[in-house]
Amino acid sequence: MRKKIVLACEKCGSRNYSTMSNNGAERLEVKKFCQKCNAHTVHKETK
Ligand SMILES: [Zn+2]
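Just so we're aligned, residue 269 is where the sequence shown starts under the working numbering, counting upward by one.
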């Protein structure tokens, strides 16, 4: 089942990205650029 998820920076908690997930079971972890940290950080799925 598809659902909308929000990706938040692991370091500062900024919700920088939102995406659609086609896998409800797995928790997403993506390396993306965070403007607040001014660096690439791990972004994790949040609700
Ligand atoms: Zn950050």
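The beta carbon of each residue, even a glycine, is placed where N, CA and C say it ideally should be.
Exercise. Is it right to say residue 307 is buried, meaning 16 or more other beta carbons lie within 10 angstroms of its own, or is it exposed?
Worked result: Of the other Cβ atoms in all chains shown, fewer than 16 fall within 10 Å of the Cβ of residue 307; this residue is therefore exposed.
Exercise. Can you tell me whether DSSP reads residue 313 as helix, strand or coil?
Worked result: Note: residue 313 maps to strand in three-state DSSP.
Exercise. Just checking my contact of residue 278 with residue 296 at CB under 8 Å: how many whole Å lie between their CB atoms?
Worked result: About 12 Å separates the beta carbon of residue 278 from that of residue 296, a gap too long to meet the 8 Å contact definition.
Exercise. Roughly how many angstroms separate the alpha carbons of residue 280 and residue 287, rounded to a whole number?
Worked result: Distance between the alpha carbons of residue 280 and residue 287 is about 19 Å.
Exercise. What does residue 283 pair with, by DSSP beta-bridge criteria?
Worked result: Note: residue 283 sits in a beta bridge opposite 276.
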